[in-house]
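Numbering (UniProt numbering), first residue to last: 1 to 277. Inspection log for the structure reproduced underneath, given as structure tokens.
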């Protein structure tokens, strides 16, 4: 029974490697045997094909709704809001596609460097169950939130195009593409924070060892402590550089997500006030 469950888990693990490609999120998958990210011609063409079809489908459906609005006698402000939404709703998917096209290689390189840093840190620092549990819970809640948003968007898209199930999936997939990219950003950021927690924990241990030393000269211990502090500062500077690269990579997408949140809140507030009036 145990071997059967292990095979099932291994199967899900193998399939899960290609889900980001099927979702149009990336052209790379992680190869556990080589311990590196890989891609081929199919993995390069498939995400772009899915994303472009989904983006065209978004434009088509939004254009239908705009025609319905303009065929009725409506307040000019409401027409302006609906027309603005037609253009604004396409910004996050387009920016996500630009992110994948021009910055995917840099993002993959950041992940490779983080894995190198993780291997270096965990060679000298013992794993801490408290830190691991804390970040596993954070990842779980983040997955839960993104899955909830995807399901809500999927239900709306499914109801909107009942006759075209595949196109409904492509629609919600492209709409959710910025959320998936932000999930990737969060997961990589969580790995950086996890390593920073380990470095902080090790600094506390080194400080405690020095504090517990009896009075007197300890040249060997002082030399060892200086080497440890130098190594920790080196690792911390590398993590800080990776964090700066990650922030620069996702800066535009973060600003765009905030703008879209404000735009959606303003649009919903306006429609609420109109419905009450």
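The beta carbon of each residue, even a glycine, is placed where N, CA and C say it ideally should be.
Cβ-based burial, residue i [other Cβ within 10 Å; buried from 16]
i           : result
residue 176 : buried
residue 273 : exposed
residue 266 : exposed
residue 60  : exposed
residue 92  : buried
residue 166 : exposed
residue 41  : exposed
residue 32  : exposed
residue 110 : buried
residue 26  : buried
residue 181 : buried
Residue from the options whose Cα sits closest to the Cα of residue i
i           : options              : result
residue 127 : 24, 264, 195 and 258 : 195
residue 235 : 192, 45 and 150      : 192
residue 98  : 33, 268 and 249      : 249
residue 245 : 137, 108, 79 and 118 : 108
residue 18  : 44, 86, 247 and 186  : 44
residue 63  : 52, 48, 83 and 47    : 83
residue 243 : 222, 36 and 185      : 185
residue 23  : 100, 232 and 257     : 100
residue 197 : 66, 208 and 132      : 132
residue 90  : 56, 251 and 112      : 56
residue 106 : 134, 37 and 130      : 37
residue 123 : 232, 79 and 86       : 232
residue 153 : 168, 7, 102 and 141  : 168
residue 208 : 225, 219 and 220     : 225
Contact under 8 Å by Cβ, residue i with residue j
i           : j           : result
residue 39  : residue 30  : no
residue 210 : residue 114 : no
residue 146 : residue 260 : no
residue 117 : residue 239 : yes
residue 34  : residue 253 : no
residue 151 : residue 202 : no
Cβ-Cβ separation, residue j to residue i (assumed contact under 8 Å), whole Å
i           : j           : result
residue 54  : residue 179 : Contact flag wrong, Cβ pair sits at about 14 Å.
residue 50  : residue 183 : Residue 50 to residue 183, Cβ: 18 Å. No contact.
residue 58  : residue 121 : Not quite, the Cβ-Cβ distance comes to about 43 Å (not below 8 Å), so this is no contact.
residue 206 : residue 222 : Incorrect: roughly 12 Å between the Cβ atoms, too far for contact.
residue 47  : residue 66  : With 8 Å as the limit, residue 47 and residue 66 do not qualify as a contact, their Cβ atoms being about 28 Å apart.
residue 297 : residue 190 : Nothing can be reported for residue 297: it is not among the residues displayed for the chain, which extend from 1 to 277.
Contact with chain B by residue i, beta-carbon distance below 8 Å
i          : result
residue 39 : The structure shown contains no chain B, having only a single protein chain.
Discussion item. Suppose only complete runs of 4+ residues qualify. What are the alpha helix (DSSP H) ranges in the segment 16 to 94, listed by chain order?
Written reply: Runs of the alpha helix (DSSP H) spanning 4 or more residues and lying entirely within the segment 16 to 94 occur at 19 to 22, 41 to 70 and 76 to 88, in chain order.
Discussion item. Please give me, in chain order, every unbroken run of the beta strand (DSSP E) with length at least 3 that falls completely inside the segment 123 to 150.
Written reply: With a minimum length of 3 residues, no continuous beta strand (DSSP E) run stays inside the segment 123 to 150.
Fill in: alpha helix (DSSP H) runs contained entirely in the segment 189 to 227, provided each spans 4 or more residues
Along the length of the segment 189 to 227, whole alpha helix (DSSP H) runs at least 4 residues long do not occur.
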